[in-house]
Amino acid sequence: MLCSIHCAQNGSESKVWAVSYSASQPVWIVRRSHGTTARDCGSTEKARQAWRKPVYVIVRDAQFRSALLAFFEDTKGKENLRVLVVDTDDVAAIPSTAPTYITPGARAWLRSAGREDDVGGRVLPNARTFSSSTAEELITFILKANLAALSTRA
């Protein structure tokens, strides 16, 4: 069973654990790094400082650009968010010191077009999907399951 941080925040986590226990199934509570949600990421001091100057995000299509701008519409500093579409906008024109995040879809497009080096800005590493504790739980489960499967073969 897999539970997002949302179930932990709305009081459902204990119910998930109970169902998991009664069904003899493992459960993971997936938490984002640093215990934040995506929308909370703009509330840390580091994020607030970053949003005082232009921050660039390169996306794959105009629909995702619209969704991203709508998502951050109530975020302080949103006027500094610059969302560029990879095959439409001039991604080479991004100032060299500007923090720049490239979404996985845009990164794949750039790679397939041979244009990975055409991006201006200070390219940021991909954000981690799982917190360290969640990643450790998942890896532990996978290793135990594989070892159990190997022991039944012997």
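The sequence shown lines up with residues 11 to 164 when you count with my numbering. No residue lacks a Cβ here, since even glycine has one placed at the ideal position from N, Cα and C.
CA-to-CA distance, residue j to residue i, given in whole angstroms
i, j, result
"S122", "R163", "42 Å"
"A108", "A159", "49 Å"
"N136", "A116", "12 Å"
"A103", "G130", "6 Å"
"I149", "S142", "11 Å"
"S106", "N156", "46 Å"
"W61", "D84", "13 Å"
"E89", "S161", "58 Å"
"K86", "A145", "31 Å"
"L79", "Y66", "12 Å"
"R75", "K154", "41 Å"
"A118", "Q73", "17 Å"
"P64", "E147", "37 Å"
"D128", "A77", "25 Å"
CB of residue i within 8 Å of CB of residue j, strictly
i, j, result
"L91", "F82", "yes"
"R70", "V101", "no"
"T110", "R132", "yes"
"L120", "E126", "yes"
Element boundaries [alpha helix (DSSP H), containing residue i]
i, result
"R75", "A72 to F81"
Nearest-angstrom Cβ-Cβ length linking residue i and residue j, presumed shorter than 8 Å
i, j, result
"T113", "I68", "7 Å"
Distance cut-off 7 Å: residue i Cβ against heavy atoms of the ligand PLP
i, result
"R75", "Among the ligands in the structure shown, none appear at all, so the ligand PLP cannot be discussed."
Unbroken stretches of the alpha helix (DSSP H), 4 residues or longer, contained in the stretch 86–159
114–122
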